[in-house]
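Reviewing the structure listed below.
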Amino acid sequence: MSNASTNQNPYYITTPIYYVNDRPHIGHCYTTLVADVAARAQRLMGREVFFLTGTDEHAEKVVTTAKEKGHTPMEWATINAERFKEAFAFMNFSHDDFVRTTEDRHKDRASAYIQRLVDSGDIELGDYEGWWDGSQEEYVTETAAKEHDYKSPVTGRPLEKRVEQNYFFRLDKYEGWLKAQIESGAVRVLPEARKNEVLGRIRTGLNRVPVSRKIKPGDPDWGVVMPNDPEHRVYVWIEALCNYLTMVDQPDRRRFWPRDEPLAVHLMAKDILWFHAVIWPAMLHALGERPPATVYAHAYWIAEGKKMSKSLGNFIEIDTLKAYAEKYSLDAVRWFLATQGPLGANDADFAHARFVEVYNSDLANSVGNSASRVGNMVGKYFDGVMPKTCDGRFGFEGGRALQAALAARASTGKPAEGESRTFDLAALTAGAVERYRHALEAVDLEAAMGEGLGIVRAVDEFITYSAPFTLAKKFGQIEHAEGALGAILYSCAEALRIASLLLSPAMPEKTAALWRDWNCAHLNDPADPNSGFVAPLAELAAWGGAHSIQAGQGIAKGEGLFMRADAAEAAPA
Ligand code: ME8
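Counting in this note's numbering, the sequence shown runs from 2 upward without gaps.
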């Protein structure tokens with residue numbers, strides 16, 4: 002589908018680029034999943050998307066770990082970069098590119114940006130004395146160092162006093178500009194709590210930021226050298242941030258970083274918000290480029306109530322996610338992470354009991370159950386062929402078809418006499434689609450996916466209320482019973498089709514399976530079945546439109562999307 006047909010801005014979303022000193026864990030998979038779901042949802046809405054992830058390879062700790070493991074830094078970086086690529090393929094992420102910062106296509110442009118900043122006087126030489134946190138590859142302020150007893154505020158490892166001649170980025174020049182950008186929302190820092198934190202820290206004053214280290218004899222040849230001064234190496238953070246621009250600063254991708262308006266969405270956890278919300282926008286401004294539109298810093302996953310750490314050895318590794326996927330399906334893992342994750346300001350707990358609870362309540366008992374009930378009934382009562390279409394509106398008090406339904410219900414004693422109730426599934430789905438769009442603007446995946454699930458729950462309620470199984474028993478006994486049943490089942494199926502569109506960014510495989518069973522596979526773009534659609538959501542989700550379920554369409558029962566899980570079973574490992 003071409004962007005021209007949808008008349009919307011392109012969408013550019015990024016994850017942090019991850020350090021390659023170790024293998025990926027749940028945290029890396031989580032941020033990348035959030036980006037994946039957001040990217041798929043924007044593609045679904047008809048926008049042209051560029052989704053970038055990758056690895057940050059020039060850190061000193063890569064050199065240290067490589068040595069411990071008996072590898073060269075490049076070998077070790079490659080081993081881990083491959084592990085990230087493999088993990089992201091396993092997670093079914095739909096990134097458009099994967100950058101490794103050791104690639105020339107990144108390094109060359111990053112050097113050019115740094116040279117431009119030197120030329121413009123935004124990077125200058127000066128003396129620096131400070132506390133170096135080797136475990137985080139960053140300097141810690143005197144106040145923070147003292148407060149943490151001269152240990153890393155993040156990892157608790159001892160800080161090292163370093164005095165060096167460095168190049169500095171003149172962040173101080175941009176204090177007023179940054180404050181205005183963030184306060185006005187021109188650069189949207191989310192969630193709100195994080196915005197206030199960043200503004201509070203900016204108000205205490207901004208200093209120059211060191212951006213290079215002097216190369217010492219015997220230092221490994223690892224990293225990007227200052228383009229104007231071969232005695233200095235660019236500090237890894239400064240070079241790494243450039244990836245967001247290096248990867249789209251080429252003619253065929255430049256539309257993803259327009260020169261006239263902010264567009265990019267940067268995702269990360271709160272640990273690295275400062276770099277993304279303050280240093281990077283200021284660098285871009287100094288380069289004459291627009292800042293990002295959104296900087297979203299989520300909180301952390303913890304494991305069974307405990308912070309994950311190397312010393313506790315309780316990181317949830319990709320192997321654990323694989324074991325969960327094996328048992329409950331990959332899409333169930335994606336669903337749990339996307340809807341229960343720490344997207345807000347609070348940490349989220351990966352606890353087995355909670356996983357099973359969410360799996361059963363959202364997936365087995367809702368999405369899976371609803372789809373199989375409707376598929377089964379179409380199979381049983383109409384030989385697997387949708388008999389008719391319907392506008393989705395039901396008044397349990399009048400409308401022709403519904404008189405029959407109501408008569409059938411009266412014989413069961415429910416609903417209470419005189420009770421009237423209307424269902425308008427067409428309006429209900431249209432409202433959900435509208436709210437879905439808004440939730441995605443705010444990168445609120447839980448709310449967006451909640452809209453899809455909300456439709457499923459409404460269908461369940463409608464089935465309970467209209468009792469199609471009771472109506473089916475009245476075929477031939479009451480007038481219109483068959484027509485009413487057809488209308489009810491059509492409306493359920495059409496509502497579930499729309500729900501499945503909304504749910505598809507989190508669960509692309511399960512929704513594709515449903516579309517195969519229900520002969521809706523035409524919703525997918527055959528050229529890009531992984532994430533492309535034949536039309537924007539507004540058209541796909543139109544009730545009774547060109548992409549709707551049609552009278553005469555085969556609706557197969559299918560295998561069942563999610564089997565109920567036993568809460569008593571041990572966590573897969
Ligand atoms: O910081 N919960 O790389 P990194 C949720 N290379 N997300 C988590 C997490 C957790 N417990 N732990 C890690 C770096 N993450 C730099 C970034 S960008 C120009 C350079 C995720 O490998 C989260 O996205 O330490 C966090 O920001 C990122 O991993 C840190 O990855």
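All C-beta atoms in this analysis are idealised placements derived from N, C-alpha and C, irrespective of residue type, glycine included. These figures come from a predicted structure and were not determined experimentally.
| query | result |
| --- | --- |
| Mapping DSSP to helix, strand and coil, what is A349? | strand |
| Using only the alpha-carbon positions, how far apart do R498 and F91 sit? | 26 Å |
| For K162, report the span of its beta strand (DSSP E) as first-last. | 161 to 170 |
| Classify G553 as buried or exposed, calling it buried when 16 or more other Cβ atoms lie within 10 Å of its own Cβ. | exposed |
| Just grab the DSSP bridge partners of V460 for me. | Per DSSP, none; premise fails for V460. |
| Residues in its own chain within less than 7 Å of A194 by CB, not counting five upstream and five downstream? | A346 |
| Could you tell me the alpha carbon to alpha carbon distance between Y140 and V444, rounded to whole angstroms? | 31 Å |
| Does the beta-carbon of Y297 have 16 or more other beta-carbons within 10 angstroms, so that it is buried, or is it exposed? | buried |
| Enumerate in chain order the residues of its own chain whose CB-to-CB distance from N366 is below 8 Å, with the five nearest sequence positions on each side excluded. | R565 |
| With C-beta atoms as the reference, is L172 less than 8 Å away from I273? | no |
| What is the DSSP secondary structure of K147, counted as helix, strand or coil? | helix |
| Within 10 angstroms of its Cβ, does M227 collect 16 or more other Cβ (buried), or is it exposed? | buried |
| If you draw a straight line from the alpha carbon of T503 to that of D529, how long is it in whole angstroms? | First, the residue type needs correcting, since residue 503 is Leu and not Thr in the sequence shown. If you take the alpha carbons of L503 and D529, they lie about 18 Å apart. |
| Which of the three DSSP states is assigned to S153 in this structure? | coil |
| Please report how far the alpha carbon of A569 lies from the alpha carbon of E358, in whole angstroms. | 11 Å |
| For the candidate residues H96, V368, T430, whose alpha-carbon lies nearest to that of A542? | T430 |
| Any heavy atom of ligand 1 closer than 7 Å to the Cβ of L538? | no |
| Could you check how far apart the C-beta atoms of A78 and V225 are, in whole angstroms? I think they sit under 8 Å. | So it is not a contact: roughly 14 Å between Cβ atoms. |
| For A354 and V334, I'd like the C-alpha separation in whole angstroms. | 14 Å |
| Can you check the stretch 162 to 235 for any beta strand (DSSP E) of at least 3 residues that lies completely inside it and give the ranges in chain order? | 189 to 191, 213 to 215, 233 to 235 |
| Under the rule that 16 or more other beta-carbon atoms within 10 Å means buried, what is T142, buried or exposed? | exposed |
| Put T102 into one of helix, strand or coil per three-state DSSP. | coil |
| Between which two residues does the beta strand (DSSP E) holding L126 run? | 124 to 134 |
| Decide yes or no for the touch test of the stretch 48 to 63 against the stretch 183 to 202: beta carbon pairs closer than 8 Å, at least 3 of them. | no |
| Measure the alpha-carbon distance for K196 versus D109 and round it to whole angstroms. | 33 Å |
| For the candidate residues D123, T205, L179, whose alpha-carbon lies nearest to that of P211? | D123 |
| Need the endpoints of the alpha helix (DSSP H) that A90 sits in, please. | 74 to 91 |
| I'd like the span of the alpha helix (DSSP H) that includes F337, first residue to last. | 331 to 341 |
| Using the Cα positions of A349 and E305, report the straight-line distance between them to the nearest angstrom. | 10 Å |
| Just curious, the alpha helix (DSSP H) that T65 is in, first and last residue? | 61 to 70 |
| Once the 5 residues before and after Y12 are set aside, which same chain residues still bring their CB inside 6 Å of it? | Q43, R48, V50 |
| With T471 as the anchor, note down where its alpha helix (DSSP H) starts and where it stops. | 469 to 473 |
| Go to V296, then tell me how far its beta strand (DSSP E) extends in each direction, as first and last residue. | 295 to 299 |
| Could you name the residues of the same chain whose beta carbon sits closer than 6 Å to that of R189, not counting the 5 residues immediately before and after it, in chain order? | T295 |
| Please determine whether the Cβ atom of D57 lies at a distance below 7 Å from any heavy atom of ligand 1. | yes |
| Express the C-alpha separation of C493 and I464 in angstroms, rounding to a whole number. | 8 Å |
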